[in-house]
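Remember, this note's numbering sits 57 above the position in the sequence shown when you count from 1.
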Amino acid sequence: MKRKVILLTGILVTLMLVAGCSTRKNTAGTRFYHALTTRYNVYFNGNEAYKAGLQAQQQGNKDNYMEMLPLYPSGNKETTGIGTSDYERAIEKAQKAIRQHSIKRRPIRKPGRAYTDEYKKWLARREFNPFIHRAWLLLGKAQYQKGDFPEAASTFSYIVRLYDGQTSITSEALIWLSRCYSALGWQYDAEDALNRVNNDSLPLSLAVPYASATGNYLLGSQRYKEAIPHLEKTAKNEKNKQQKARCYYLLGQTYQLLQQPEQAYQSYSKVIRLNPPYELALSARIRQTEVMPTANSRKITGKLLRLSKDEKNEEYLDQIYYALGNVYLAGKDTAQALSAYHKGIEKSTRNGVEKGILQLTLGNLYWQQARYAEAQKAYAEAIGLIDKTHREYAGITTRSEILDELVPHTNAIQLQDSLQHLAGMPEAERMAVIENIIAQVIAREEAERKAAEEAERETNRLQMREEVESQLPATSIISKPGQGHTTTSQTTQPAIGGKQDWYFYNPQLVEQGKAEFQRLWGRRKLEDNWRRKNKTVVALDDFEEIDYSEPEDIASKDSIRNSQENETTESSVSPEKDPKKGNTDSIANDTHRPEYYLAQIPLTEKAMQASNALLSEALYGAGMVFKDRMHDFRRAEAMFERLIRQFPDFAQADEAYYQLFLTELAIEYYEKKGSSAEKYKAELIARFPESRYAKTLADPDFAENAVHGKQREDSLYVRAYEHFQIGDTTTVRAAEHLSSEIYPLGQHRPKFMFLEAVTRLQGGETERFLATLKELVQQYPQNEITDLAAHILKGVQEGRLLARDSHTFGSIWQRRNAELAEAGNLLGDNSSSTAILPPDSAFSTERNVPFLFILAYEEGKVNENMLLFEVARYNFSTFLVKNFDLAFAHERGIGMLQIRPFNNYDETQQYFRRLYANPEMAARLSGMRAILISEANYAQLIKQYSFDDYDAFYRTHFSSIPEPELKGYTLDEPLLNLPTEEEERQREENLPAEEDDPENGVIFGD
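Okay, structure coming up:
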């Protein structure tokens, strides 16, 4: 009897396993089997990998305590790269669980079963595996923690649709969806996701995650006061001790931002009581000093100074002095604040974001004080240290670029004013000043020598320590401040997240290198002969060839002299060859001798004229930057007024008057005060009646043109361009003449000149064509069309011939690679090195090679984040197993979302047809170009052809190919692990009948 029971049990188990193998049948047995297998096999392994990734992220997370913390560690950009391999494994396992164990087929209704509302809802479900939702949620969470926020948002959006009506599942998915949107900066969508959560039926286990996500969204929306209760609830219920301390620190920062010092102090105290890592505890103590009453400033500064003297805090002195500077600044003691910030930079050993924040703060202070040279240096350093996602990064980058233009002018003004002032002194006073400068130079050099010796001693000490440590056993016990003893391996390990220590893998180091390069050379375009200061590639006085190998004094062109004691240059004459002259040059270049400084002072009339030329150019340049880039119209007014009064014979005096007139109009508009605009307008017309600026202001329609001129000039240029494309030379030339008469200062003026010049070339007037291009390069050196004109002139210099019938200035879709291709067309270049083959000869018709699918659009006209999200969501919901790589590229004003990989043309065409067969996606992608192109053809396209070139080729060779009928493998790999018909028939014959019951098979609750 016992044997029969065992045998019967074995048979039942075997039958159950056979039944469970199919996801095409939906019975209590199949649901039980697939739920069991999902939970204890694939899902278990994936969840373990996910937890390992979370642990690695928590251990490797590096917060910047000088700024607002993100609520979640994944909010730190560098942290998202940690644990990537674990999250990828979790994603792989979740996808496998869904692929193999998802049950979507509806069960057969049991005859006679009551058709209740509950039963109807159960039958209407789209997923019947009672455990598979956890695999879906694991997939989305792993994508989120990995930093793939658009992919994660697509996953959670799909979960909400798939489990519609199952509140406990959709609520959790919506909470995570809100977190994804917040990470992407889509605060409106984050709020909408949270509003869709049904609070009345929200499970108790989701109350804290909901509060956390809400607080995160409110922080991202800068609604700090509303975020407080949610942050308090999150911190109170957080179980992880380290994350709990982070939450209280963030809560303290939020109270501090809302100017509630008592609550902030209490929050920081809670951080300290949790005994967190030393840096976090120290940062909390530093923050406490910032929220103490200002009446206790002496007590606060004393506490901070004591912290600075503690050896344990040597690594964190930048933070301490930053806080000290803030205390001084709050007390209106700017000098002491600047000193503290400088000391923090000097003492900084980490060379990281903390030092970057100090430099940023210094730069902002110097900017406010109009100390532009110091601000330029501080901003340049800050850009290399802070991350591009920092809220002030874009602003300081713009300021840095402005200062790169302004500072050479302001330094030149300061230097020439100082030199001219010295020239006007009595000789005895002048020599006294020079002797004082020499004494300062000697003192500075002595200080630098001592600092170098100290640095050398420190280097030697560190080398000796490293040598000693290298002789220790493989492991050693190292004690860090505020932490227990930790055993560390001496073996060099790769960086967390798989990153290596190569220079170019560290964006901060790269930015520092850029800053140092710009400090030495200024901002240079990446091109051949980049050391040359002149931005044009042709000589403007004649058509002689340029010798690019000629030597240049780079330092004299690119370096900025900030004081009178600059570095000396080597003598060009060897003392051995001419001892007398060599000795004289040596004295003249010795910064310890008065002769060095006397040589720079304009003591002769000729030297004074040269100084005045430099000074007048600098005044004009500074005025333009103040006016156009900084909108500091009062300083611009001062520059231009001094220029026209002190240098009435300035070569561009008429333009200076015009710029002063515009500046006065701006002052009148913004300050609502009377100005001297009419006065300077009258002076301009009286002094320079033939100037184009005078004619513009004397025009009775000037006021109307000032209001409507831009729109009218735009219309005129569009009309001229349209007629240029159809070869209507007469209309183009008439439009150019009208432009010169009515809009001589219009923004399209150089384009009018270029179009008119090309019509001259087409008419055989080569000399006039070249003369116009030369004038264009001279008058508009910074215009976008100038590079093309310059390349054409350079080609003529090199002896290449012009082609009269060549003009291909089409839309962005007609653009070939850069100006060189167009210049080559105009120059009739048929040389083998630059000749462009016809598209039919260059592109390949091969179909069985890797392809990619491209959605192309004009740059600036598409929200790329939203496009990425929509395409990722479509791919995810349509192709469950097939993974696509999505990446953006930009070329010639065209943005591209590239989707790959595809094994051949047929797969790409299938994807294209399915994508546009979806009405919702077709509507969203309206206005974009869909491009199916092989990897090899794409390389040719980017190299030298236009998108229209490839479009014509595609229409000829690919558009007539019929839609493929793919058998076996297709892009949409099956959502269900369906057996063949033969397998299904065999199993049905062997399976016993089983009643359908929604309660059967549900052994795991939500």
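Quick reminder that beta carbons are idealized off the backbone N, C-alpha and C, glycines included.
From a predicted model like this one, the values you see are computed outputs, not experimental measurements.
- Beta-bridge pairing by DSSP links Asp942 to Arg957.
- In this structure Pro187 is buried. Its beta-carbon is surrounded by 16 or more other beta-carbon atoms within 10 angstroms.
- Taking all protein chains in view, the Cβ of Ser983 is surrounded by fewer than 16 other Cβ atoms within 10 Å, so the residue is classified as exposed.
- One alpha carbon belongs to Phe704, the other to Tyr677, and they sit about 11 angstroms apart.
- In this structure, the beta-carbon distance from Thr291 to Val265 falls below 8 angstroms.
- In the displayed model, Ala708 falls within coil according to three-state DSSP, outside both helix and strand.
- Sorting Pro651, Ser457, Gln345 by C-alpha distance to the C-alpha of Ile491 places Pro651 at the top.
- Around the Cβ of Thr406, a 10 Å sphere holds fewer than 16 other Cβ atoms; the residue is exposed.
- If you draw a 10 Å sphere on the C-beta of Gly222, you find fewer than 16 other C-beta atoms in it, and that means exposed.
- Here the segment 901-911 makes no contact with the segment 225-242; the two share fewer than three CB pairs at distances below 8 angstroms.
- Here the segment 407-416 makes contact with the segment 428-444; the two share three or more CB pairs at distances below 8 angstroms.
- If you draw a straight line from the Cα of Leu386 to the Cα of Met349, it is about 14 angstroms long.
- Asp249 and Tyr122 have their C-alpha atoms spaced approximately 31 angstroms apart.
- In this structure, the straight-line span from the alpha carbon of Ala708 to that of Ala451 is close to 37 angstroms.
- For Gly103, the number of other beta carbons within 10 angstroms of its own is at least 16, and it is reported as buried.
- Taking a C-beta distance under 8 angstroms as the contact criterion, Val99 and Ala154 qualify as a contact pair.
- The alpha-carbon separation between Pro127 and Leu307 amounts to approximately 8 angstroms.
- Within the segment 148-231, the complete alpha helix (DSSP H) segments at least 4 residues long are 174-180, 189-203, 206-219, listed from N- to C-terminus.
- Between Asn669 and Arg806, the alpha-carbon positions lie close to 32 angstroms from each other.
- Pairing Pro896 with Asp1006 gives a Cβ-Cβ distance under 8 angstroms.
- Between Gly401 and Thr358, the alpha-carbon positions lie close to 14 angstroms from each other.
- When the Cα atoms are used, Leu263 and Gln202 turn out to be separated by approximately 19 angstroms.
- About 7 angstroms separates the beta carbon of Ile160 from that of Glu184, a gap short enough to meet the 8 angstroms contact definition.
- In this structure, the beta-carbon distance from Val682 to Ile459 falls below 8 angstroms.
- Ranking Asn960, Gln997, Phe926, Arg971 by CA distance to the CA of Gly242 puts Phe926 first.
- By the CB criterion at 8 angstroms, Gly140 and Gln114 fall inside the cutoff.
- Within the model, the alpha-carbon separation for Leu276 versus Ala284 is close to 6 angstroms.
- Residues Asn994, Gln997, Tyr1007, Phe1010 of the same chain have their beta carbon placed closer than 7 angstroms to that of Phe900, with the five preceding and five following residues left out of the count.
- As the crow flies, the alpha-carbon of Met665 is around 49 angstroms from that of Gly821.
- Leaving aside the five residues that flank Val328 on each side, the residues in its chain whose CB is nearer than 8 angstroms to its CB run, in chain order, Ala302, Tyr305, Tyr306, Gly309, Leu337, Ala338, Ala341.
- In the DSSP assignment, the residues bridged to His947 are Gly952.
- Counting along the chain, Glu135 sits inside no alpha helix (DSSP H), nor does DSSP assign it H or E at all.
- Here DSSP, grouped into helix, strand and coil, assigns Ile990 to strand.
- Per DSSP, reduced to three states, the secondary structure at Glu915 is strand.
- Following the DSSP letters along the chain, one finds Gly382 inside the alpha helix (DSSP H) bounded by residues 374-387.
- Phe936 and Leu943 have their C-alpha atoms roughly 14 angstroms apart.
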